[in-house]
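Take a look at the structure set out below.
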Amino acid sequence: MNQSGTELQQLAHTVSGAYQPSLSPDGLQIVYVSNRNNDYELFIMDSDGQNQRPPTNSVGVNLEPKFSPDGQKIYFTSDRDGYIRVFCLNLGQLVDRLTVKRRLNHSEYRLKRSSSR
Numbered sequence: 001m002n003q004s005g006t007e008l009q010q011l012a013h014t015v016s017g018a019y020q021p022s023l024s025p026d027g028l029q030i031v032y033v034s035n036r037n038n039d040y041e042l043f044i045m046d047s048d049g050q051n052q053r054p055p056t057n058s059v060g061v062n063l064e065p066k067f068s069p070d071g072q073k074i075y076f077t078s079d080r081d082g083y084i085r086v087f088c089l090n091l092g093q094l095v096d097r098l099t100v101k102r103r104l105n106h107s108e109y110r111l112k113r114s115s116s117r
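Just so we're aligned, residue 1 is where the sequence shown starts under the numbering used here, counting upward by one.
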């Protein structure tokens, strides 16, 4: 899309849709949700639509992805253990669960610039 809002270009080409996109702070990647296998999973692609790939292979419904301010992590909600909780994916590493006991509804978390959890 250009600055006037015209010349739109479709980036994710999937019949199951692409939802809840989040642009990385450097503008080079987009994380989004897709229901490709009847299971809402996270996918990452370059900002030009190339190199679409899942960053993790997990069970459950994964929604609301957001890049960390430094672009090295992706935060998202998931019901993978039966409860909706916030998880952190360190790109290239394992997924950490951040919330412990409280059940959440999707869209209930916000990122805050801080070095603590």
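Beta carbons are placed, not taken as given, at the ideal position from N, Cα and C, and that holds for glycine.
To the nearest angstrom, how far is the alpha carbon of residue i from that of residue j?
i: L63; j: N38; result: 14 Å
i: P65; j: S16; result: 17 Å
i: T56; j: L8; result: 29 Å
i: I30; j: Y83; result: 26 Å
i: D79; j: Q52; result: 23 Å
i: E127; j: R85; result: Examination of residue 127 is not possible in this model, given that the chain is present from 1 through 117 alone.
i: K73; j: T14; result: 25 Å
i: S24; j: A18; result: 16 Å
Reducing DSSP to helix, strand and coil, say where residue i ends up.
i: E7; result: coil
i: R80; result: coil
i: P54; result: coil
i: R85; result: strand
i: V59; result: coil
Let me know if residue i comes out buried or exposed under the rule of 16 or more other beta-carbons within 10 Å of its beta-carbon.
i: V59; result: exposed
i: T77; result: buried
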